[in-house]
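Each remark here refers to the structure printed beneath this line.
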DNA sequence: ATATAATATTGTAATCATTACAAATTTACA
DNA sequence: TGTAAATTTGTAATGATTACAATATTATAT
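Protein chains in written order, with my numbering: chain A, 966 to 1099; chain B, 966 to 1099.
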C-alpha cells in the first residue's frame, strides 16, 4: 500500500489526509512495534521537525476515530498504538517490554460474552516472557 | 471469610496483616466493583481518617506482590483493582464505566499462545454497552 | 481566482494519576 | 526493654495526556 492508497483510505473514513496524519499512519503501518505517542514523536521528529507531541496525539486520535488505528492498554503507564484495527491478541514481555501480535480465531470469544452485553471491541492480553528473554 | 481469615491469608503470603492492608483487602473482597485507588480512598476515608492516598497505593501494591489482588488495565486513564486474582474476564461499559466479571473456561486461550512465549497472566477485555445502558 | 468559513497544527500551560521521598510511627526480635 | 526493620503518611515530584488559543492550512461559495 503506497501513500496515495493510505490517503484515499483516510478520505474514505471521513478525515482529511494531512501530511501529519499520513506520516503517523504510515509509521504505524510500517513499524508493527506498537509504539507509544512519544516513540512516534521521537521517530518522526528528525524528518518532520515541525511536529509537536500534541500533533501526534491529535493525529492518533483522528485515526482512531476513523477506525484505522487502535490503542493497546496492556501497559499501565503508557498507551501503545496499533495500525491494525482488526481483532488480534497482544503479548507483552515483562522483561524487554516489547509487544507482539498473535492471531485470534473468529468467534472464539463469542460464547463468553455475558447475557445482555453488547461488545464493541475485544482484547486478549498475555503478559510473560518472550522467547529472547527466557 | 472473616477478618482473621484474611489476616491469616496475608501472613501466609508473606506480608504483614496491617490494619490498612486488611481494610483495603476487605474492601476489595466485599465490593466487587473494581474500584480505582481513589475510589478505595474515598470509601475508606470516613472510617479511617488517618489513611492517605499513598497508603492505598502502598497497600494495593503489597497485596498485588502477594498475589492476592490484581490490577485491571482496561481503562486507559485509571487503574482498577480486583480482589480476585484468579483468571477471569472483564467487561467495561463505555456508557456508565462499570466493570463486570465473566467466567473464563480453563485452557480456552492456551492454543493462542505464540511459540516460545511464557504466559504469566492473561486478560480478556470486552468493551461495549451493558444491559442497563443499551 | 478570492474571500470566508471550517478544520488542523502547534507550543505552552494545566491536569491528574501515580511515584518518590523522608519523617514519624509501629512492629518484630534480640 | 531496646534496637533494627518495616510501615504509614503527608508533601513534593514525575510524566503522560489534555486543554487552550494563536497560527496556519484547506475547502467551499461567490
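Cβ atoms here follow ideal geometry from the backbone N, Cα and C, with glycine treated the same way.
Look at the alpha carbon of residue i and the alpha carbon of residue j, and state the distance between them as a whole number of angstroms.
i               : j               : result
residue 1003(B) : residue 970(A)  : 46 angstroms
residue 997(B)  : residue 1049(B) : 9 angstroms
residue 1077(A) : residue 1045(B) : 21 angstroms
residue 1085(B) : residue 1043(B) : 22 angstroms
residue 977(A)  : residue 1041(B) : 28 angstroms
residue 982(A)  : residue 1070(B) : 44 angstroms
residue 1014(B) : residue 1073(A) : 48 angstroms
residue 1028(A) : residue 995(A)  : 15 angstroms
residue 1001(A) : residue 972(B)  : 41 angstroms
residue 999(A)  : residue 1089(B) : 19 angstroms
residue 1047(B) : residue 1025(B) : 10 angstroms
residue 922(B)  : residue 1082(A) : In the structure as shown, chain B starts at 966 and stops at 1099, and residue 922(B) therefore has no counterpart that could be examined.
residue 993(B)  : residue 1075(A) : 29 angstroms
residue 1018(B) : residue 1035(B) : 18 angstroms
residue 989(A)  : residue 1011(A) : 13 angstroms
residue 975(B)  : residue 1008(B) : 22 angstroms
residue 1087(B) : residue 1094(B) : 23 angstroms
residue 1039(A) : residue 1039(B) : 8 angstroms
residue 980(A)  : residue 980(B)  : 53 angstroms
residue 1016(B) : residue 1066(B) : 29 angstroms
So residue i is in the alpha helix (DSSP H); what residue range does that whole segment cover?
i               : result
residue 1025(B) : 1018-1030
residue 995(B)  : 984-995
Can you name the start and end residues of the beta strand (DSSP E) that residue i belongs to?
i               : result
residue 1039(B) : Segment: none, residue 1039(B) is in no beta strand (DSSP E) and carries neither H nor E.
residue 1003(A) : Here residue 1003(A) belongs to no beta strand (DSSP E); instead the alpha helix (DSSP H) covers 1002-1009.
residue 1093(A) : 1083-1094
residue 1053(A) : It is not in any beta strand (DSSP E) - residue 1053(A) carries neither H nor E in the DSSP assignment.
residue 1064(A) : 1064-1067
residue 1047(A) : 1045-1047
Shortest alpha-carbon distance to residue i belongs to which of the options?
i               : options                            : result
residue 1031(A) : 1081(A), 1080(A), 986(A), 1089(A)  : 986(A)
residue 1022(A) : 1014(A), 1010(A), 1006(A), 1015(A) : 1006(A)
residue 1096(B) : 1080(A), 1099(A), 1066(A), 974(A)  : 1080(A)
residue 1051(B) : 1011(B), 1068(B), 1009(B)          : 1068(B)
residue 1037(A) : 1091(A), 979(A), 1017(A)           : 1091(A)
residue 1020(A) : 984(A), 1039(A), 1033(A), 1035(A)  : 984(A)
residue 1033(A) : 1094(A), 1087(A), 991(A), 1093(A)  : 991(A)
Any heavy atom of the ligand GDP closer than 7 angstroms to the beta-carbon of residue i?
i               : result
residue 1051(A) : You won't find the ligand GDP in this model; it holds no ligand whatsoever.
Inter-stretch contact (C-beta, 8 angstroms, three-pair minimum) for the region 1038-1056 of chain A and the region 1056-1070 of chain B: no
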